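The numbers in the sequence shown follow the numbering used here, run straight up by one, and end at 59. C-beta atoms are modelled at their ideal positions from N, C-alpha and C, and glycine is treated no differently. Keep in mind that this is a model prediction, so the values were computed, not measured. Please read the structure below before turning to the comments.
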Amino acid sequence: MKYFVKNDKVHKYPVPSTCNVKYTNENLHDTPPKGYEKCDHCFQSGNG
Ligand SMILES: [Zn+2]
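Structure follows, in structure tokens:
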């Protein structure tokens, strides 16, 4: 799992089906970058 920042939010890569963000060659990170809000659609609470 990788992470990228778009629109000041951290999204997962590959983007889960629950999120409609489009990945357009943003920098990929091995861990969620600090200082950004996490996307609610990519970081849902619950199992998994
Ligand atoms: Zn997202």
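May I ask you to report which of helix, strand or coil DSSP gives residue i?
| i | result |
| --- | --- |
| Asn58 | In this prediction, Asn58 has a pLDDT of 49, which is less than 50 and means its spatial position is unreliable; what the coordinates show is noted afterwards. Asn58 falls in the coil class under three-state DSSP. |
| Lys23 | strand |
| Lys45 | coil |
With C-beta atoms as the reference, is residue i less than 9 Å away from residue j?
| i | j | result |
| --- | --- | --- |
| Thr35 | Lys17 | yes |
| Cys50 | Lys33 | no |
| His52 | Lys13 | no |
For ligand 1, any of its heavy atoms closer than 8 Å to the Cβ of residue i?
| i | result |
| --- | --- |
| Val16 | no |
| Lys13 | no |
| His52 | yes |
Which one or two residues does DSSP pair with residue i in a beta bridge?
| i | result |
| --- | --- |
| His40 | Tyr14 |
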